[in-house]
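The listed protein sequences correspond, in order, to chains A and B.
Residue numbering for the first sequence follows numbering that gives the first Met the number 0, beginning at 0 and increasing consecutively.
Residue numbering for the second sequence follows numbering that gives the first Met the number 0, beginning at 0 and increasing consecutively.
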Amino acid sequence: MSLYDNMRSRQDYAGQLQGVQNPDNAFAGMLRQDYNDYIANFRQYEDKLLGMTDDTTLIDRSRENAEKQAEIAAGVQSRNLERYGGGGLSGAQLQEQQKSAQRGNQLSLAGTVNNARVQQREMNQSLLQELIGIGQGVNARSLEGLGTAAQGAVARRGAYKQAKANYSSQMTNMGASILAAFLI
Amino acid sequence: MSKPKSSDYKESEVDKVNAAVAMADKKYFRENYLPKQKEFIERSFKEESGLMSMGEGRAQADTMQALTQNPNRRAVGAVDAQADLASAASAQQLQGTAQGLLGARSDQVAGIKSANQMASQTAAGLSQASKIATTDTLNRAKAKQTRNSALIGAATKLGVQAGANYRGYRAAEITNKGEAGKPANEQDLVPMDSGAGLFKILTGRGLG
């Protein structure tokens, strides 16, 4: 007994499937529906992604975050000072500490936003690159589709012209032969 | 030579199974995979902010754990402790935000790529369908042309024969006219219906 004997289905699933009456019509209908489904379900997201190449989320968010972190750090420092009874610092020292914190916060904000700009640019460039790749595919398939359509149109036009020429030639031959039969 | 039967041109068992299985697979794809594909893309856009928040949250926890777990007097008294904490936390936050956004973008691009691939397959299918339709149109036109050619050929044959019959009848008329001047026992008349109508003449029944 082979391994396959255990796996072999005793049920004829394929035999129970509904037959397709007109496969070329079904194919055309299916493709039309596929395109409609694509537009209805995915195009909005595709457009959204295409609009994200100049995104500034990272920069905006890092600016907000740097300000928030300055507040948090100030809170931490003030609680620690309370815990340690002022830490033995004089008024002048406390003032100097505050000034230093303010300078540091400003520098931190500038540094963070600058770094965010660099990272945002990298991310946007990378997205752009991906989109270009997708776009190449879109372009290639549209050209292919149009090429096929054009090829078909030329073939049909050529066949029509050929058929007209054949018809005309056959009718002329018929007229000439009959006329000749009467005259000769 | 027998007349072609439509049964000779019916789809084979392989064609039937092929079409039925393809249709069933497509239905299964539409009902089960397409919604997942949509869900993936929807989620990748909807969860962008959430992913960034998650990255930031982790970064915050890591920073605070590392920099605030031992608040001693020296740290409290240091001039730059607060600024250092803010600076480190901001830098870490940026990394967290960037990681979250990168993850979201990566999912979004993957989702759109996959949807686009589906669109490509649709386009390729449409190309194929268009080729099939053109072939079908050309075949039908060719068949019609073949029928027309045969009809024209048949009409030519009939016309040429009618012409030959007309000429024969005219020749018989001329011959009989010439023979009419001779004595009756010397006449060699061509047997014909002298009052035959055009239809009889053309169909060759005016002679004999």
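Just so you know, even glycine gets a beta-carbon here, dropped at the ideal spot from N, CA and C.
Keep in mind that this is a model prediction, so the values were computed, not measured.
With respect to the 9 Å criterion, glycine 110(B) and isoleucine 40(B) are classified as neighbours on the basis of their beta carbons. Annotation: threonine 56(A) to phenylalanine 28(B) spans about 36 Å, alpha carbon to alpha carbon. Under the three-state reduction of DSSP output, methionine 191(B) falls in the strand class. Serine 8(A) does not reach chain B, its nearest Cβ partner there being about 14 Å away, counting only Cβ pairs nearer than 7 Å. Counting of Cβ neighbours within 10 angstroms places glutamine 20(A) among the exposed residues, the total staying below 16. For glycine 162(B), the closest Cβ of chain A is nearer than 9 Å. Spatial neighbours of glutamine 91(B) in its own chain (CB-CB distance under 6 Å, excluding positions within 5 residues in sequence) are listed in chain order as Ala58 and Thr62.
Positions of the beta strand (DSSP E) runs, each at least 3 residues long and wholly inside the region 28–104 of chain B, cannot be given because no such run exists. DSSP, read as helix, strand or coil, puts leucine 57(A) in helix. At a cut-off of 9 Å between C-beta atoms, alanine 91(A) does not count as an interface residue with respect to chain B. Put simply, the CB of serine 1(A) is far from chain B, with every gap to its CB atoms at 9 Å or more. Contact annotation: in the region 143–157 of chain A, residues whose CB is within less than 7 Å of a CB in chain B are Glu143, Gly144, Thr147, Ala148, Gly151, Ala154 and Arg155. Within chain A, Ser176, Ile177 and Ala180 have C-beta atoms less than 7 Å from the C-beta of valine 159(B), given in sequence order. The shortest C-alpha to C-alpha distance from glutamate 30(B) to any of Gly28(A), Phe26(A), Asp36(A) and Ala25(A) is the one to Asp36(A). Residues of the same chain with a CB within less than 8 Å of the CB of asparagine 175(B), apart from the 5 flanking positions on each side, are Leu188, Val189, Met191 and Ser193 in chain order. By the 16-neighbour rule on beta-carbons within 10 angstroms, methionine 122(A) is buried.
Scanning chain B for C-beta atoms nearer than 9 Å to the C-beta of alanine 164(A) yields nothing, as the closest lies near 11 Å away. Taking 9 Å as the cut-off, the beta carbon of glycine 205(B) is found closer than this to the beta carbon of alanine 171(B). Residues Gln186, Asp187 and Leu188 of the same chain have their beta carbon placed closer than 7 Å to that of glutamate 178(B), with the five preceding and five following residues left out of the count. Look at leucine 49(A) here: in three-state DSSP terms it is helix. Rounded to the nearest whole angstrom, the CA to CA distance from glycine 167(B) to methionine 173(A) is 20 Å.
Of the other Cβ atoms in all chains shown, 16 or more fall within 10 Å of the Cβ of methionine 51(B); this residue is therefore buried.
Of all residues in the region 10–21 of chain A, only Ala13, Leu16, Gln17, Gly18 and Val19 come within less than 8 Å of chain B when Cβ atoms are compared, listed by chain position.
The region 126–139 of chain B makes contact with the region 144–154 of chain A; the number of CB pairs closer than 8 Å reaches 3 or more.
By the rule that beta-carbons nearer than 9 Å mark a contact, glutamine 68(A) touches chain B. Around the beta carbon of phenylalanine 26(A), 16 or more other beta carbons sit within 10 angstroms, so the residue counts as buried. At least one C-beta of chain A is nearer than 9 Å to the C-beta of glutamine 92(B). Only residues of its own chain outside the window of five on either side were considered, and among them Ile58, Ser61, Arg62 and Ala65 have a CB closer than 8 Å to the CB of valine 112(A), listed in chain order. Under the three-pair Cβ rule at 8 Å, the region 36–55 of chain A does not count as touching the region 95–111 of chain A.
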